[in-house]
Each structure stands twice: as structure tokens, then as C-alpha cells.
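J.:
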Amino acid sequence: MPSTALDLLQSVFGYSSFRGQQQAVVEHVGEGGDALVLMPTGGGKSLCYQIPALLRQGTGIVVSPLIALMQDQVDALREAGVNAAFLNSSLNVDDQREVERQLLAGELNLLYVAPERLLTGRFLGLLERTEVALFAIDEAHCVSQWGHDFRPEYRELAILHQRFPQVPRIALTATADPRTRDEIVERLSLQQARQFVSSFDRPNIGYRVALRHNAKRQLTEFLEGHQGESGIVYCLSRKKVDDTAAWLAEMGIEALPYHAGLEATTRAKNQKRFLREDCVVMVATVAFGMGIDKPDVRFVAHLDLPRSIEGYYQETGRGGRDGLPAEAWMIYGLSDVVTMSQMIAQSESADDRKRVERQKLESLLAYAEATACRRQLLLGAFGETYPGPCGHCDNCIEPPKTWDATVPAQKALSAVYRSGQRFGSGHVIDILRGEETERVLSLDHHRLTTFGIGADMDEKQWRSVFRQLLAAGLLEADAEGYGTLRLTAASREVLKGGQPVRLREDARPERGSRRRRENKIAVGGSLGIEAYEQPLWDELRALRTRLAKQHGVPPYVVFHDATLLAMLRALPANEGEMGRVSGVGDAKLKRYGSDFLAVINAQN
Ligand code: ADP
Ligand code: ZN
10 MPSTALDLLQ SVFGYSSFRG QQQAVVEHVG EGGDALVLMP TGGGKSLCYQ
60 IPALLRQGTG IVVSPLIALM QDQVDALREA GVNAAFLNSS LNVDDQREVE
110 RQLLAGELNL LYVAPERLLT GRFLGLLERT EVALFAIDEA HCVSQWGHDF
160 RPEYRELAIL HQRFPQVPRI ALTATADPRT RDEIVERLSL QQARQFVSSF
210 DRPNIGYRVA LRHNAKRQLT EFLEGHQGES GIVYCLSRKK VDDTAAWLAE
260 MGIEALPYHA GLEATTRAKN QKRFLREDCV VMVATVAFGM GIDKPDVRFV
310 AHLDLPRSIE GYYQETGRGG RDGLPAEAWM IYGLSDVVTM SQMIAQSESA
360 DDRKRVERQK LESLLAYAEA TACRRQLLLG AFGETYPGPC GHCDNCIEPP
410 KTWDATVPAQ KALSAVYRSG QRFGSGHVID ILRGEETERV LSLDHHRLTT
460 FGIGADMDEK QWRSVFRQLL AAGLLEADAE GYGTLRLTAA SREVLKGGQP
510 VRLREDARPE RGSRRRRENK IAVGGSLGIE AYEQPLWDEL RALRTRLAKQ
560 HGVPPYVVFH DATLLAMLRA LPANEGEMGR VSGVGDAKLK RYGSDFLAVI
610 NAQN
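Going by this note's numbering, the first residue of the sequence shown is number 10, and it counts up by one from there.
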């Protein structure tokens with residue numbers, strides 16, 4: 010039996026070295042210390058508890074809120090030759106008894122359990138009769154009642170510390186926000202735990218945001234660069250999900266809808282296809298995502314503004330968990346801001362909650378309208394200082410042109426002010442442009458001093474100015490959601506002439522799209538597969554799908570894309586070379602090595 014952490018990493022998981030903080034965590038927990046691990050999605054949290062569980066005597070108990078994920082994790086571990094099992098309500102009584110027997114007999118390296126199961130007297134009693142290597146509390150942010158994933162049972166997990174004070178505990182989450190972190194420490198009694206905080210940057214994700222002018226055409230162009238890849242397209246409403254999915258399907262794209270209004274069986278079926286097939290595009294509302302651990306999602310597209318930066322980060326974070334390139338792409342318009350404000354205004358929430366939600370929307374809008382590095386802004390929202398530019402977002406690749414818009418901004422602000430701060434941008438733009446509409450005439454607004462002072466710019470240009478003034482906090486929309494605009498404290502400085510305003514030139518509706526289509530991304534997809542490599546790549550993927558079907562697991566449980574890609578590039582000719590490919594551990598080499606070698610050798 011191998012005994013060091015590095016041996017296990019190589020022989021069981023087939024990886025050559027630890028990533029980031031993994032080694033430090035593994036050593037700390039392996040020696041019996043408590044840990045709180047904050048790592049972004051795809052950072053490699055699982056190994057942080059799996060390897061210590063293998064290093065230590067006894068069974069590692071993993072608390073996980075998601076039944077669907079347990080199955081995948083256990084399948085993947087078994088494929089790698091680890092004795093793993095799960096206990097949850099999906100098992101029948103006989104199977105449950107069998108798992109309990111294995112636990113008591115000390116046959117399990119890892120056991121995944123749902124929190125409500127763990128907390129039963131019966132299960133705690135079982136644990137007292139077994140040797141426990143460690144407790145891993147996955148998705149630890151579920152203790153936070155402020156988050157979307159609040160699970161009341163998670164708060165009772167502090168009992169583990171009282172009942173089993175000598176067993177190390179490791180809590181893990183991908184939620185970056187400091188308030189949640191404090192709540193985890195408090196609720197799980199982890200005051201003594203060492204904290205391992207990683208950067209929340211996802212370097213393999215490229216960010217791109219554009220104005221929406223023709224959603225269908227823009228989406229089609231975007232998808233051209235992602236043919237044959239898995240991805241998620243998020244929409245705000247169920248209807249838009251249905252329409253978009255149907256339209257994409259008509260275009261010959263494997264697109265499926267997912268939202269809370271669909272029958273549970275349809276949802277489950279669509280989700281399963283997304284997980285098990287190589288190139289399904291899921292069109293979904295935010296209802297989709299929690300518990301989706303698919304590693305090879307190559308793009309996440311937003312056709313509407315999400316609710317907050319946190320939401321956006323979480324949703325885009327579902328791309329590229331395997332570390333290979335992925336793209337986060339969003340299109341939005343001023344109408345989104347109005348719709349969202351209305352949704353917030355009409356919701357049942359208390360006023361202070363509504364205020365928080367409005368602030369969140371505003372900071373997301375500021376992100377969308379930004380002219381500086383998006384990664385820097387995104388990480389800044391989580392309190393992390395990122396030394397940009399990243400070189401891997403639209404603003405870094407092609408810095409947007411800005412212009413001195415101080416005078417138009419002053420005109421816009423004073424038109425808002427003179428008309429009484431009671432109107433939306435449409436009417437104020439009419440005033441600026443000197444349009445004698447019925448409304449303008451009936452309100453006597455053609456007599457205002459600001460009437461017609463902005464006739465030198467067209468309506469579209471004015472709309473862009475208003476949107477950016479909102480994003481910059483120089484105007485605010487009313488709390489009631491009617492879309493009426495008001496000045497802010499910051500507007501005064503601009504009106505007094507004390508502060509210049511620079512705005513983005515966005516006459517070009519979608520920056521960068523044309524140039525991008527000419528470059529390699531569109532040809533080779535995200536992974537940059539060259540034309541001459543394509544036949545072998547397709548064969549490797551087809552073999553993986555066949556083997557996955559035979560074993561009743563999703564394809565990525567057999568091998569991740571990253572591993573297939575490494576094979577494609579290394580072209581191993583024999584077992585020894587195959588064993589050195591990243592992601593090929595001893596058990597998988599034995600099980601699949603010869604099949605993949607046969608395909609590779611047949612081609613070369
Ligand atoms: P998380 O739970 O943090 O989202 P995972 O534990 O699922 O991330 O790991 C993400 C991906 O990275 C997986 O495909 C995993 O196999 C891979 N991975 C983790 N650690 C390493 C490593 N040291 N070397 C190579 N790949 C790794
Ligand atoms: Zn950047």
C-alpha cells in the first residue's frame with residue numbers, strides 16, 4: 010500500500026502534483042487538524058478530504074447536501090479503486106443495511122451521507138462503534154441563512170464536535186463572501202480550525218459582456234464558436250427558456266429546457282441527458298445549476314442580467330470545472346434593469362431586503378458597463394485585490410474607447426431635475442431631443458430650459474448615456490420600480506462642473522465579435538482541437554461514451570476531457586506511457602488503458 014499523500018495522488022488519482030493549497034490542507038487534516046477550506050469551484054476541493062481519509066485509519070464521513078452528487082462522487086471514487094459508498098433516501102432498506110455492515114466492518118474508505126441522515130440517533134450510534142478518519146462537511150455555506158442554499162440541518166452539525174471531539178473536521182465551500190465564512194466558523198464551532206483561503210479567480214474562464222440588440226443573432230454567433238460542446242444558456246423567465254430552447258432545437262442544436270415549471274420527470278430526464286451526453290446545451294432559469302458537477306461545461310451564456318454579482322459568479326463558475334478553457338458570455342439591455350427593479354419592488358421581501366437587492370443589481374450593472382478589467386471588478390466584489398489587467402476578458406483584449414461625456418451628462422441630469430425627477434428615460438430623452446410628443450405638450454415640458462438642448466444626439470446615443478449614468482450611480486431608479494429617474498448625491502458634483510464624466514463609446518453594439526470569429530476559437534472550439542486531431546478526438550470521445558454506458562456512469566467519470574486531451578497530445582503507445590497521462594490512475598489504467606491504446610494505435 011502506498012502511504013504518502015503524493016503517492017496516493019499519483020497512484021489513485023493519476024495526477025502528478027498537488028494544486029494550490031491542496032498539499033497544505035491534506036497534510037494538516039492528515040495529521041488530525043481541523044480546517045476550513047475556501048476554494049473556487051473547480052479548485053480541487055474533493056482531494057482535500059479524500060486523500061486524508063485514505064491516509065488515516067478508519068472511514069472518512071462526508072456530509073453532502075445533494076443526493077445527485079453523491080452518486081457521481083462515489084462512482085468516480087470506485088472507478089479509481091477506492092472503497093466508497095453513500096447512504097441516503099434513494100437506497101432501499103437492504104442496500105442501506107449492506108452499507109452499514111461495510112461501515113461497521115471497517116471496509117469503507119469514504120462514506121457520503123445526507124445531513125439529516127447523519128444526525129439520526131441510529132447513525133450517530135453506528136459511528137460510535139466505528140473508527141472515523143475524519144468528518145468532511147461539503148458545501149459548508151449551507152449553514153448560512155443568508156445564502157440561497159440554506160439547509161437548517163447543517164446548523165446541527167456542531168454536534169459532531171461534541172460527540173467526537175478527537176476526530177478532525179474539514180469544512181469546504183466555494184462561497185467567497187466573508188460574512189458567510191464567519192457564519193460557518195460560528196455555526197460549526199470551527200474557531201480552532203486553520204483557514205485555507207484560495208484566490209477566487211477562475212483563470213480558465215474568459216469573460217465577455219455585450220449590449221443586447223438582436224439576442225438570437227448574437228447567440229447564434231456565439232454558439233458558432235462552441236459547436237459540439239456542452240454549455241448552459243440562462244434566461245430570466247420560463248417562457249424565454251422554452252422559446253429559446255425550441256428555437257435552438259430548430260436550428261439543429263441539441264438544446265433542452267430546464268425550469269421549475271416543467272414536470273419533475275422532464276426535468277430529471279433533461280438533466281440526465283445534459284450530464285451523460287457530450288454536447289447538450291441546457292437552456293435554463295436559475296433553478297438549474299445547484300448540484301451540477303459536470304466538469305466539461307465549456308460555456309455559460311446569460312441572455313438577461315442575473316440578480317447579483319454573487320449569482321453571476323456562481324452561474325458562470327459552472328463552466329470549466331475541469332480547468333480547461335471556458336467562456337462566460339452575457340448580453341443585456343436597459344430593459345433588464347427596469348424588469349429587475351420591478352421584480353424587486355413587487356416581491357414580498359421586507360424593505361431592507363429590497364434595498365440590499367437593489368444595491369446588488371446596481372453593482373452588477375456597474376460590472377456590465379465597466380470599461381476596466383472585468384476579472385479585477387469581479388474579484389473586487391468579493392474583497393479580493395486582483396492585479397489586473399487579466400488579458401482574458403473582453404475589456405482587456407480590446408479596451409473599450411471612452412469619450413468625454415461631461416456636457417451630455419450635465420444636460421441629461423439637468424433634464425431629469427427640471428422635469429421633476431418623476432419620469433423614465435424615454436420621456437426625458439424626448440425633452441432633450443426637443444420632441445413635441447403629446448405627453449411633452451400636455452405637461453408643458455416644451456417650455457423647460459432643457460427642451461431640445463440634446464438634439465445633436467440621437468435616441469440610441471442618449472439611451473446609452475442614461476444606462477451608463479445609472480451604472481455609474483449618477484442617476485438612480487425609483488424603489489417602486491416604475492423606472493423613474495432621480496439624481497443622487499454624486500450627480501451634484503457633475504452638475505456643478507466639478508467632476509468630468511467619461512463614458513464608453515458603444516455605437517458598436519457588440520465589441521469584439523467579428524474579430525473573434527476569425528480567430529482560432531471558432532474553428533477548434535474552446536479546446537483548440539486542430540483539424541487533423543479531430544478524427545482521433547471524436548473516436549476517443551465515442552469510446553468514452555461507450556464505456557460509460559457499459560458501466561452506467563456519466564462519461565466524465567470514465568475520464569475527464571482534460572485527460573482525453575492529454576492523451577490526444579501525448580499519443581501514448583504503451584501501458585507505461587498511458588499510465589503517465591494526467592488523470593490515469595492505477596485502477597483506470599487497468600480497466601480502460603488497453604481500449605484507449607487500441608484506438609490511438611489504430612489511428613497512428
Ligand atoms: P471542486 O470540488 O473544488 O469544484 P473538484 O474537486 O471537483 O473541484 O476538482 C475539479 C477538477 O480538478 C476535477 O476534475 C479534479 O479531478 C481536478 N483536479 C483536482 N486536483 C487536481 C490536481 N492536483 N491535478 C490535476 N487535476 C486535479
Ligand atoms: Zn481583464
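Glycine included, each C-beta is placed from N, C-alpha and C at the ideal position.
Does the Cβ of H401 lie closer than 7 Å to at least one heavy atom of the ligand ZN?
T.: In the sequence shown, counting from the first residue as 1, residue 401 sits at position 392. At least one heavy atom of the ligand ZN is nearer than 7 Å to the Cβ of H401, so yes.
J.: So what does DSSP say about A180, is it helix, strand or coil?
T.: Sequence index remark: in the sequence shown, residue 180 carries index 171 (1-based). Three-state result, A180: strand.
J.: Do V108 and A94 come within 8 Å of each other at the CB atom, strictly closer than that value?
T.: Here residue 94 refers to the residue found at position 85 of the sequence shown. Here residue 108 refers to the residue found at position 99 of the sequence shown. Against a cut-off of 8 Å, the Cβ pair of V108 and A94 comes out as a contact.
J.: Consult DSSP for S614 and reduce its assignment to one of helix, strand or coil.
T.: The shown model of the chain, from 10 to 613, leaves out residue 614, and the question about it has no answer.
J.: Considering only heavy atoms of the ligand ADP, does any lie closer than 7 Å to the CB of A183?
T.: The sequence position of residue 183 within the sequence shown is 174, counting from 1. Indeed, a heavy atom of the ligand ADP lies less than 7 Å from the Cβ.
J.: So, is A611 buried or exposed, given that buried needs 16 or more other C-beta atoms within 10 angstroms?
T.: Indexing the sequence shown from 1 puts residue 611 at position 602. Flag for A611 reads exposed.
J.: Quick one: what's got a C-beta closer than 8 Å to R526's C-beta in the same chain, skipping five residues either side?
T.: Position 517 of the sequence shown, counted from the start, is the residue given in the question as residue 526. Per-residue confidence for R526 stands at a pLDDT of 40, beneath the threshold of 50, marking its modelled position as unreliable; no derived number is given.
J.: Which residue from G261, M79 and S99 puts its Cα closest to that of L120?
T.: Walking along the sequence shown from the start, residue 120 turns up at place 111. That would be M79, whose Cα lies nearest to the Cα of L120.
J.: Just the Cα atoms here: how many angstroms apart are A183 and F391?
T.: Within the sequence shown, numbered from 1, the residue matching residue 183 stands at position 174. Within the sequence shown, numbered from 1, the residue matching residue 391 stands at position 382. Distance between the alpha carbons of A183 and F391 is about 12 Å.
J.: Assign E366 to buried or exposed, taking buried as 16 or more other Cβ atoms, counted over all protein chains shown, within 10 Å of its Cβ.
T.: Along the sequence shown, read from residue 1 onward, the residue named residue 366 stands at position 357. It counts as buried.
J.: Run the proximity test for T348: is its beta-carbon closer than 7 Å to any non-hydrogen atom belonging to the ligand ADP?
T.: Here residue 348 corresponds to residue number 339 of the sequence shown, with the count starting at 1. Answer for T348: no, Cβ out of range of the ligand ADP.
J.: Who are the Cβ neighbours of N528 in its own chain at under 6 Å, not counting the five residues just before and after it?
T.: Translated into the one-based positions of the sequence shown, residue 528 becomes position 519. Any reading at N528 is ruled out, since the residue's pLDDT is 39, under 50, leaving its predicted position unreliable.
J.: Are R178 and F144 touching if we call contact CB-CB under 8 Å?
T.: Within the sequence shown, the letter at position 169 stands for residue 178. Within the sequence shown, the letter at position 135 stands for residue 144. The answer is yes: Cβ separation under 8 Å.
J.: Can you list the beta strand (DSSP E) stretches of 3 or more residues lying completely in the stretch 315–358, in chain order?
T.: Within the stretch 315–358, the complete beta strand (DSSP E) runs of at least 3 residues are 335–341.
J.: If we require 3 or more residues per run, which beta strand (DSSP E) segments fall completely within the stretch 139–215?
T.: Listed in chain order, they are 141–146, 178–182 and 203–206.
J.: Hey, would you say the C-beta of C57 is under 7 Å away from at least one heavy atom of the ligand ZN?
T.: Position 48 of the sequence shown, counted from the start, is the residue given in the question as residue 57. Outside the cutoff, so no.
J.: Taking the beta carbon of I438 as the centre, do at least 16 other beta carbons fall within 10 Å, making it buried, or is it exposed?
T.: The residue labelled residue 438 in the question sits at position 429 within the sequence shown. The residue in question, I438, is buried, as its Cβ has 16 or more Cβ neighbours within 10 Å.
J.: Starting from S632, trace the beta strand (DSSP E) in both directions and tell me its first and last residue.
T.: Outside the displayed span of the chain (10 to 613) sits residue 632, for which this structure offers no information.
J.: Given this structure, state the Cα-to-Cα distance separating S344 from E485, to the nearest angstrom.
T.: Locating residue 344 in the sequence shown gives position 335, where the first residue counts as 1. Locating residue 485 in the sequence shown gives position 476, where the first residue counts as 1. Those two C-alpha atoms are separated by around 15 Å.
J.: Which value, in whole angstroms, describes the spacing of the CA atoms of G521 and L333?
T.: By one-based count along the sequence shown, residue 521 stands at place 512. By one-based count along the sequence shown, residue 333 stands at place 324. Note that G521 has pLDDT 44, beneath the 50 cutoff, so the model's placement of it is unreliable and no number is given.
J.: Taking only the alpha-carbon atoms, compute the straight-line gap between E195 and A359 and give it to the nearest angstrom.
T.: One-based indexing of the sequence shown puts residue 195 at position 186. One-based indexing of the sequence shown puts residue 359 at position 350. Using only the alpha carbons, I get a separation of about 26 Å.
J.: One question on the structure: do D43 and A258 come within less than 8 Å of each other, judged by their Cβ atoms?
T.: Indexing the sequence shown from 1 puts residue 43 at position 34. Indexing the sequence shown from 1 puts residue 258 at position 249. Taking 8 Å as the Cβ cut-off, D43 and A258 do not qualify as a contacting pair.
J.: Quick check: is the beta carbon of I60 nearer than 8 Å to any beta carbon in chain B?
T.: Among the protein chains of the structure shown there is no chain B, as only one such chain exists.
J.: On the three-state DSSP scale, how would you describe F308?
T.: Residue numbering aside, residue 308 sits at position 299 when the sequence shown is read from its first letter. Residue state, collapsed to three classes: strand.
J.: State the DSSP-derived secondary structure class of L18, mapped to helix, strand or coil.
T.: Mapped onto the sequence shown, residue 18 falls at position 9. Residue state, collapsed to three classes: helix.
J.: Taking the alpha helix (DSSP H) that V35 falls in, what are its first and last residues?
T.: Taking the sequence shown and counting its residues from 1, the one referred to as residue 35 is at position 26. Start and end: Q31 to G39.
J.: Once you ignore the five residues that flank V83 on each side, which residues in its own chain have a CB closer than 7 Å to its CB?
T.: Here residue 83 refers to the residue found at position 74 of the sequence shown. A93, A94, F95 and Y121.
J.: What are the complete alpha helix (DSSP H) segments, minimum 4 residues, inside the stretch 27–100?
T.: You should have 31–39, 55–64 and 76–88.
J.: Using a threshold of 8 Å, state whether the C-beta atoms of F569 and G592 are closer than that.
T.: To locate residue 569, count along the sequence shown from 1; it is residue 560. To locate residue 592, count along the sequence shown from 1; it is residue 583. The sequence as given places His at residue 569; Phe does not occur at that position. In contact: H569 and G592 (Cβ atoms closer than 8 Å).
J.: Suppose only complete runs of 4+ residues qualify. What are the alpha helix (DSSP H) ranges in the stretch 417–471, listed by chain order?
T.: Entirely contained in the stretch 417–471, the alpha helix (DSSP H) runs reaching 4 residues are, in chain order, 434–442 and 447–451.
J.: If L197 and I262 are in contact, beta carbons under 8 Å, what's the gap, nearest whole angstrom?
T.: The count along the sequence shown starts at 1 and reaches residue 197 at position 188. The count along the sequence shown starts at 1 and reaches residue 262 at position 253. Wrong, their Cβ atoms sit about 44 Å apart, outside the cutoff.
J.: Determine the extent of the beta strand (DSSP E) in which E233 is found, giving its start and end residues.
T.: Reading the sequence shown from its first residue, position 224 is the one you call residue 233. First-last for E233: A224 to E233, but that is the alpha helix (DSSP H), not the beta strand (DSSP E).
J.: When you compare the stretch 307–317 with the stretch 401–411, are there three or more beta-carbon pairs, one atom per stretch, that lie closer than 8 Å?
T.: With a cut-off of 8 Å, the stretch 401–411 and the stretch 307–317 do not count as touching, because too few Cβ pairs lie within range.
J.: To the nearest angstrom, how far is it from the Cα of K586 to the Cα of T572?
T.: Counting from 1 along the sequence shown, the entry for residue 586 is found at position 577. Counting from 1 along the sequence shown, the entry for residue 572 is found at position 563. Note that residue 586 is Glu in the sequence shown, not Lys. About 13 Å.
J.: Once DSSP output is grouped into helix, strand and coil, what is the label at P509?
T.: As a working note, residue 509 is residue 500 in the sequence shown. Three-state result, P509: coil.
J.: Could you pull the start and end residues of the beta strand (DSSP E) that D413 belongs to?
T.: To locate residue 413, count along the sequence shown from 1; it is residue 404. Unbroken beta strand (DSSP E) run through D413: T411 to D413.
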